[in-house]
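Step one of this worksheet: look at the structure below.
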Amino acid sequence: MKSGMNFRMVVIVLLAILFVESCFYFPRILARDSKNPVILRYIKEPESVYKVFSECKKNVIEVDRCYMAYSAAVLIADSKDCSKYGIKVKRRFKLLLENNKLNNIDEEIARECASDKV
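Numbering (the working numbering), first residue to last: 138 to 255.
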């Protein structure tokens, strides 16, 4: 009985530590990636990002290049651009990144863009 309580307390403490770390550590990683000059260049060239990451999904040759393309693709898919072009690009990258149906992605984009207009 007592060992079950100790195990439960250890698990709770570890989960709390994991939660706190995720609140502080992961945002720093994302902020660092969004300021990386290679990723910023990739964001300005969505076609090259799409090409590189599509190749990386099939065969990873240069891990750093694939990571940079993936990071740029995520930032492009999560962009706040709700213009016709922006929606088209978001849809294309969400299809590339997510294992989701087109109508679900369209609904997600519609919600994101509707909340921006409110």
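The beta carbon of each residue, even a glycine, is placed where N, CA and C say it ideally should be.
Report task. Determine the burial state of V335: buried for a count of at least 16 other Cβ atoms within 10 Å of its Cβ, exposed for fewer. Result -> For residue 335 there is no data in the structure shown, the boundaries of the chain being 138 and 255.
Query raised in the report: For the alpha helix (DSSP H) that V211 lies in, which residues bound it at each end?
Result: By 1-based counting over the sequence shown, the position of residue 211 is 74. 200 to 214 is the span of the alpha helix (DSSP H), which, as asked, contains V211.
Report task. Count the other C-beta atoms from every protein chain shown that fall within 10 angstroms of the C-beta of F230, then say buried if there are 16 or more, exposed otherwise. Result -> As a working mapping, residue 230 is identified with position 93 in the sequence shown. Classification for F230: buried.
**Report entry** Distance, C203 Cα to V175 Cα
**Finding:** Position 38 of the sequence shown, counting from 1, holds the residue named residue 175. Position 66 of the sequence shown, counting from 1, holds the residue named residue 203. For V175 and C203, the distance between alpha carbons rounds to 12 Å.
Query raised in the report: Taking just the CA atoms, how far does I198 sit from I214?
Result: For this step, residue 214 is matched to residue 77 along the sequence shown. For this step, residue 198 is matched to residue 61 along the sequence shown. At residue 214 the sequence reads Ala, which differs from the Ile that was named. So the alpha carbons of these two residues sit roughly 24 Å apart.
Requested in this report: Take L232 and list the residues in its own chain whose beta-carbon comes closer than 8 Å to its own, dropping the five residues that flank it on each side.
Outcome: Counted from its first residue, the sequence shown places residue 232 at position 95. So the qualifying residues of the chain are L239, I242.
Query raised in the report: Would the region 176 to 195 and the region 206 to 221 be scored as touching if the rule is three or more Cβ pairs under 8 Å?
Result: yes
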